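At position 29 of the sequence shown (counting the first as 1) the number is 29 in UniProt numbering, and the numbers step up by one without a gap.
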Amino acid sequence: MNLNLRTVNVTRYITPLREGGSLPALAEADDDFKYVLKFRGAGHGVKALIAEFLGGQIAKYLGLPIPELVFANLDEAFGRTEADEEIQDLLKFSQGLNLGLHYLSGAITYDAAANECDALLASKIVWLDAFITNVDRTFKNTNLLIWKKDIWLIDHGASFYFHHSWTNWKTTAITPFTLIKDHVLLPKATLLEEAHKEFTSKLNDTILEEIVNQIPDDWLHWEDQNITPDEIKKVYFQFLSLRLANAETFLNQAQNARKTLI
């Protein structure tokens with residue numbers, strides 16, 4: 001599977017998507033496609049882009065439905081004519097490499113009460129989110145879309161929350177993900193053991209290292225940490241490797257959380 005991302009140049013800012021806390025936007029690129037653009041100048045900066053990238057690439061490798069991810073260049077002159085000062089500042093601080101997700105025109109938000117979800121797919125998504133510690137796939141904010149009658153995963157920027165403190169990654173890697181109890185698909189995830197067997201057989205250190213090494217160095221110069229890009233990548237890889245080796249821990253947590261729902 002080709003996990004390399006294309007790089008596009010943003011040519012037109014269309015509209016902000018204000019339902020997102022980080023103020024993503026609908027934009028057009030020089031390949032004539034539209035993208036939901038995630039900005040490095042937004043709230044959690046490049047760490048949210050890294051989480052989005054890692055979560056999306058792992059989901060893609062596992063065969064889960066996710067819109068195409070692209071690296072998106074923002075020219076320094078882009079957005080100077082934007083009237084909204086908040087947006088103008090966001091674009092100014094986002095010059096350089098950002099991240100885009102292919103825009104699924106006409107998609108609607110997944111509603112657990114109104115939309116079905118296959119038990120195995122639900123179980124796979126729950127497993128993924130427990131693996132990458134994604135806190136943001138709840139009934140309140142599903143971060144799932146229905147497009148052409150299928151479910152698509154979006155928005156993994158709240159994953160890997162350990163990187164906001166960067167001091168307890170080893171502990172987080174082997175700790176059960178208790179927030180899985182709030183996962184929107186947990187009630188439908190009746191095949192967690194099957195998902196676990198499939199994904200633990202697919203994932204390995206080689207593929208995890210390949211994905212981590214694709215993080216752009218441009219996103220790895222952190223003012224709050226005195227560590228090099230290579231050292232940062234090493235921690236992300238070690239976190240994922242250790243978490244995969246201890247996958248039974250978060251699998252059991254999810255299974256126990258399901259029992260409280262029955």
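By construction, the Cβ of each residue, glycine as well, lies at the ideal position given by its N, Cα and C atoms. Just so it is clear, the structure is predicted and the values come from calculations on it, not from any experiment.
Check: Drop a sphere of 10 angstroms on the beta-carbon of residue 86, count the other beta-carbons inside from all chains shown, and report buried for 16 or more, exposed for fewer.; Outcome: exposed
Check: Name, in chain order, the residues that DSSP records as bridge partners for residue 6.; Outcome: 70
Check: May I have the straight-line CA-CA distance separating residue 254 from residue 90, to the nearest angstrom?; Outcome: 38 angstroms
Check: Looking only at its own chain, which residues have a Cβ that is under 7 angstroms from the Cβ of residue 99, when we skip the five neighbours before and after it?; Outcome: 38, 49, 52, 53, 69, 71 and 72
Check: I want to know whether the segment 92-107 touches the segment 147-154 - three or more CB-CB distances under 8 angstroms.; Outcome: yes
Check: Locate the beta strand (DSSP E) running through residue 98, then write down its first and last residues.; Outcome: 96-102
Check: Under a three-way DSSP split, which group does residue 184 fall into?; Outcome: coil
Check: Using 8 angstroms as the threshold, is the C-beta distance between residue 212 and residue 244 below it?; Outcome: no
Check: Would you list the residues sitting across from residue 12 in a DSSP beta bridge?; Outcome: 28
Check: Does the Cβ of residue 156 have 16 or more other Cβ atoms within 10 Å, making it buried, or fewer, making it exposed?; Outcome: buried
Check: Can you give the Cα-Cα distance for residue 24 and residue 235, rounded to whole angstroms?; Outcome: 27 angstroms
Check: My output table needs one value for residue 270: the three-state DSSP class, helix, strand or coil.; Outcome: In this structure the chain extends from 1 to 262, so residue 270 is not present and cannot be described.
Check: Need the endpoints of the alpha helix (DSSP H) that residue 127 sits in, please.; Outcome: 119-131
Check: Taking its Cβ as the centre, do 16 or more other Cβ atoms sit within 10 Å of residue 178, making it buried, or is it exposed?; Outcome: exposed
Check: Going by CA-CA distance only, name the one from 124, 217, 161 and 130 that's closest to residue 195.; Outcome: 124
Check: Between which two residues does the beta strand (DSSP E) containing residue 152 stretch?; Outcome: 150-153
Check: So, are the CB atoms of residue 261 and residue 185 less than 8 angstroms apart?; Outcome: no
Check: By the three-class DSSP mapping on this structure, what secondary structure does residue 38 have?; Outcome: strand
Check: Taking residue 180 as the reference, which of 76, 218, 12 and 136 has the closest Cα?; Outcome: 136
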